[in-house]
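A quick write-up on the structure given underneath.
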Amino acid sequence: MNLQSLQTTSLQEIIMYFTTTNDRLFWLVDSILAIKSPNY
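Numbered according to my numbering, the sequence shown spans residues 39 to 78.
So this is what it looks like as structure tokens:
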């Protein structure tokens, strides 16, 4: 996604994009937390 397309992207489309990537984002955060804290 380049800057020009980002400027024309509506807020709803951005929300939908992050909604569809929520699972991957949570997985990434869980992975980082698991690596940083051995008791996790």
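Just so you know, even glycine gets a beta-carbon here, dropped at the ideal spot from N, CA and C.
CA-to-CA distance, F64 to I70, given in whole angstroms: Here residue 70 corresponds to residue number 32 of the sequence shown, with the count starting at 1. Here residue 64 corresponds to residue number 26 of the sequence shown, with the count starting at 1. A direct Cα-Cα distance of roughly 10 Å separates I70 from F64.
Spatial distance of E51 from R62 (CA atoms): For the purposes of this step, residue 51 is identified with residue 13 of the sequence shown, where counting begins at 1. For the purposes of this step, residue 62 is identified with residue 24 of the sequence shown, where counting begins at 1. Their Cα atoms are separated by approximately 18 Å.
Sequence-distant residues of its chain with Cβ nearer than 8 Å to V117 (five each side left out): There is no way to answer for residue 117, as the model of the chain reaches only from 39 to 78.
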